[in-house]
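Peer 1:
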Amino acid sequence: MGKLLKRVVLVLAVLVVAVAAVAWAGFRFVEARIAAKMEPPRLVAEPEPASDLAYRTLDGQPQQLSSARGKVVFVDLWGTWCIQCVAEMPTVQKLYEHYRNDAQVQFLVISRLDSPASVRRYAQRNHYTLPFYVMEDDDIPASMRLNQYPSTFLYAKDGTLVAKHTGAADWSAPGVIAFIDGLKAR
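Just so it is clear: in the sequence shown, position 12 is 12 by full-length UniProt numbering, and no numbers are missing.
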């Protein structure tokens, strides 16, 4: 009986590892396909006033979008559970690295429906240095409610919404940097 139990446990362990490997490979395949199809962000036809978005630091400190007025603000609503969000995050990181020391540009990478601990783990596991925040579903202003993730919003220094994009985008594209630089100059 002892040998049979050991064999069953060994077979089950091998099966679990095999299923995990197939799932991981499938996730990476889907992630790569999404990354290959990412589009540049779209401009808003008519600039809109900013909604005052409420969110929290990973340490629980409340924040408001209005506190960033006077800066170009990049807001990315995403989730660790969203394959498209995970696929585009390296391009968000690359864009952030370009503006990391620029006081005129602020990044708000806000996770929806994730705990601060899960966002921290995700950031550490992927070596991201982005400024991550969290928010509850109820904290989203009606004007920002969309049915697809990620959803990204760019605000001019005067607080008007000038670009938004739903779905994965290549945020490291040269056109995005030129657009943000243009917003800084206004």
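Yeah, the Cβ is synthetic: ideal placement off N, Cα and C, and Gly gets one too.
All of these numbers come straight from a predicted model, not from anything done at the bench.
Please go through the same chain and pick out, in chain order, the residues whose beta-carbon is closer than 6 Å to the beta-carbon of Trp171, but skip the five residues on each side of it.
Peer 2: Once the five neighbours on either side are set aside, the close Cβ partners of Trp171 are Thr91, Val92, Leu95.
Peer 1: Which runs of the alpha helix (DSSP H) spanning at least 4 residues fall entirely within the UniProt domain "Thioredoxin" (44-185), listed in chain order?
Peer 2: Complete alpha helix (DSSP H) runs here, min 4: 83-99, 116-126, 174-185.
Peer 1: For Arg69, which option in Arg121, Arg125, Val105 has the closest C-alpha, if you only look at C-alpha atoms?
Peer 2: The shortest Cα separation from Arg69 among Arg121, Arg125, Val105 belongs to Val105.
Peer 1: Residues in its own chain within less than 7 Å of Thr57 by CB, not counting five upstream and five downstream?
Peer 2: Gln63, Tyr133.
Peer 1: Pick out whichever of Asp76, Gly159, Leu183 has its Cα sitting closest to the Cα of Pro49.
Peer 2: For Pro49, the nearest C-alpha among the options comes from Gly159.
Peer 1: Take the Cβ of Arg121 as the centre, count every other Cβ of all protein chains shown within 10 Å, and call the residue buried at 16 or more, exposed below.
Peer 2: The residue in question, Arg121, is exposed, as its Cβ has fewer than 16 Cβ neighbours within 10 Å.
Peer 1: Figure out for me which residue from Thr80, Phe153, Ala178 has the closest Cα to the Cα of Thr166.
Peer 2: Of the candidates Thr80, Phe153, Ala178, the one whose C-alpha sits nearest the C-alpha of Thr166 is Phe153.
Peer 1: Can you find the residues in the same chain that come closer than 6 Å, C-beta to C-beta, to Ala123, ignoring five residues on each side of it along the sequence?
Peer 2: These residues qualify, in order along the chain: Phe132.
Peer 1: Closest to Leu72 by C-alpha separation, out of Lys157, Cys82, Trp81, Ala54, would be which residue?
Peer 2: Per the sequence presented here, residue 72 reads as Val, with Leu not at that position. Measuring from the Cα of Val72, the nearest candidate turns out to be Lys157.
Peer 1: Closest to Trp81 by CA distance: which of Arg100, Ser118, Ser51, Tyr55 is it?
Peer 2: Nearest of Arg100, Ser118, Ser51, Tyr55 to Trp81, Cα basis: Ser118.
Peer 1: Alpha carbon to alpha carbon, how far is Ala163 from Phe74?
Peer 2: Straight-line Cα distance between these residues: approximately 10 Å.
Peer 1: Just how far apart, CA to CA, sit Met89 and Phe107?
Peer 2: Rounded to whole angstroms, Met89 to Phe107 spans 13 Å at the Cα level.
Peer 1: With distances taken Cα to Cα, identify the nearest neighbour of Arg100 among Asp114, Tyr128, Leu113, Ile83.
Peer 2: The shortest C-alpha separation from Arg100 is found at Tyr128.
Peer 1: In or out: Gln61 buried (at least 16 other Cβ within 10 Å) or exposed?
Peer 2: Looking at its Cβ environment, which holds fewer than 16 other Cβ atoms inside 10 Å, Gln61 is exposed.
Peer 1: Exposed or buried, what is Gln84 when buried is set at 16 or more other beta-carbons lying within 10 Å of its beta-carbon?
Peer 2: By the neighbour-count rule (16 or more Cβ atoms within 10 Å), Gln84 is buried.
Peer 1: Is it buried or exposed, Asp102, if we count other Cβ atoms within 10 angstroms and call 16 or more buried?
Peer 2: Its Cβ having fewer than 16 others within 10 Å, Asp102 is exposed.
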